[in-house]
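Worksheet: the structure to be examined is printed underneath.
In the numbering used here, the protein residues as written are 109 to 415.
See the structure below:
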């Protein structure tokens, strides 16, 4: 349950009411999956994000009072599906990260272009949602110490598995300002979707300082592929070394009250991540398809610290 998502909850309840029977739901799905020519198209089965053809943006006042905005492109193409679409959980996890960073209000916008065939004009249509967030932990005197020592540390390494369009990782970079955010997915998703979004927002960063000094990198990582895993580990180790040798450190205003069993930020150069983001990756793409949970588990363990 994410505080402040009343609009999302209302839309969710309305969607459930509309699904009065299984047969009606099947009819709706069939209608949604065909365009005017009767051809099959992909649509995300979401309550919030319902069309993979639309632009999506999230704006907020980040740390240090900076106005920031992340813009995401989607695609319904078969060769990147479902990774080419933004799924609701990506927005929800982004809200959690913003709340940890102390953000209280975020505005999301879905946009599309409408073409008028009569006069060859193009119109731009958008729909805004304001999401009010409670500062979950960052500004609370009762917050556990690991929020400050790991989640809000400038030395943390953030790794996202199955990043898709990259919204969650980009928000992590903008809100948490860690040493590195590494977004990973299958090669085709990275090349056709993720890297474009990373480069677009990185270019905006040069003008508006969206991501601060945090490098945000998109790399291919097929779970269970030793070569991919080794290359990602080497990249993480490079930034661990770079971070450990940096003379500039942010000082935490909060005194440490960490008990002995609290997690601490690893200072070793081991190619492993301090924060791992995973969302909406536990699915079966097609009925009868082989499970990928074992290789996901194997890859995840390779990037976790021993402690």
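The beta carbon of each residue, even a glycine, is placed where N, CA and C say it ideally should be.
Neighbourhood of residue 410 by C-beta, 7 Å cutoff - its chain only, sequence neighbours within 5 removed:
As a first step, residue 410 must be located in the chain shown, where it is residue number 302. Contacts found: 337.
For residue 289, does the three-state DSSP call read helix, strand or coil?
Counted from its first residue, the chain shown places residue 289 at position 181. Note: residue 289 maps to strand in three-state DSSP.
In whole angstroms, what is the alpha-carbon distance linking residue 300 and residue 387?
On the chain shown, residue 300 is found 192 positions in, with the first residue counted as 1. On the chain shown, residue 387 is found 279 positions in, with the first residue counted as 1. Each residue's Cα considered, the two are about 20 Å apart.
Bridge partners for residue 256 per DSSP, in chain order?
Sequence index remark: in the chain shown, residue 256 carries index 148 (1-based). Paired residues: none, contrary to the question.
For residue 153, the nearest candidate out of 191, 177 and 179 (CA to CA):
As a working note, residue 153 is residue 45 in the chain shown. Closest by alpha carbon: 191.
Going by CA-CA distance only, name the one from 331, 352, 175 and 341 that's closest to residue 407.
Taking the chain shown and counting its residues from 1, the one referred to as residue 407 is at position 299. Nearest of 331, 352, 175 and 341 to residue 407, Cα basis: 331.
Start and end residues, alpha helix (DSSP H) containing residue 337
Your numbering for residue 337 matches position 229 in the chain shown. Annotation: the continuous alpha helix (DSSP H) that includes residue 337 extends over 334-352.
Fully enclosed by the segment 181-228, which beta strand (DSSP E) runs are 3 residues long or longer?
213-224
Please report the Cβ distance between residue 239 and residue 195, rounded to the nearest whole angstrom; I am assuming they are in contact, meaning their Cβ atoms lie under 8 Å.
Reading the chain shown from its first residue, position 131 is the one you call residue 239. Reading the chain shown from its first residue, position 87 is the one you call residue 195. Going by Cβ atoms, the distance from residue 239 to residue 195 rounds to 16 Å, so no, they are not a contact pair.
Please work out which residues of its chain come closer than 6 Å, Cβ to Cβ, to residue 344, disregarding the five sequence neighbours upstream and downstream, and give them in chain order.
Counting from one through the chain shown, the residue named residue 344 turns up at place 236. Cβ within range, chain order: 265 and 379.
In three-state terms, what does DSSP make of residue 407?
By one-based count along the chain shown, residue 407 stands at place 299. Of the three classes helix, strand and coil, the one that applies to residue 407 here is helix, per DSSP.
What would DSSP say about residue 400, mapped onto helix, strand or coil?
The sequence position of residue 400 within the chain shown is 292, counting from 1. Residue state, collapsed to three classes: coil.
Taking Cβ positions, are residue 214 and residue 203 nearer each other than 8 Å?
Position 106 of the chain shown, counted from the start, is the residue given in the question as residue 214. Position 95 of the chain shown, counted from the start, is the residue given in the question as residue 203. The criterion of a C-beta distance shorter than 8 Å is satisfied by residue 214 and residue 203.
Which residues does DSSP pair with residue 303 in a beta bridge?
Reading the chain shown from its first residue, position 195 is the one you call residue 303. Beta-bridge pairing links residue 303 to no other residue.
Enumerate in chain order the residues of its own chain whose CB-to-CB distance from residue 351 is below 6 Å, with the five nearest sequence positions on each side excluded.
Position 243 of the chain shown, counted from the first residue, corresponds to residue 351. Answer for residue 351: 263 and 287, listed in chain order.
Where residue 309 sits in the DSSP three-state scheme:
For this step, residue 309 is matched to residue 201 along the chain shown. Of the three classes helix, strand and coil, the one that applies to residue 309 here is helix, per DSSP.
Rounded to whole angstroms, what is the Cα-Cα separation between residue 362 and residue 256?
Taking the chain shown and counting its residues from 1, the one referred to as residue 362 is at position 254. Taking the chain shown and counting its residues from 1, the one referred to as residue 256 is at position 148. Residue placement at residue 362 is flagged as unreliable, the pLDDT there being 46, under the threshold of 50; a coordinate-derived value is accordingly withheld.
Straight-line CA distance for residue 267 to residue 168?
Position 159 of the chain shown, counted from the first residue, corresponds to residue 267. Position 60 of the chain shown, counted from the first residue, corresponds to residue 168. Rounded to the nearest angstrom, the two C-alpha atoms are 22 Å apart.
If you measure between the beta carbons of residue 201 and residue 385, is that distance less than 8 Å?
Within the chain shown, the letter at position 93 stands for residue 201. Within the chain shown, the letter at position 277 stands for residue 385. Yes. Within cutoff.
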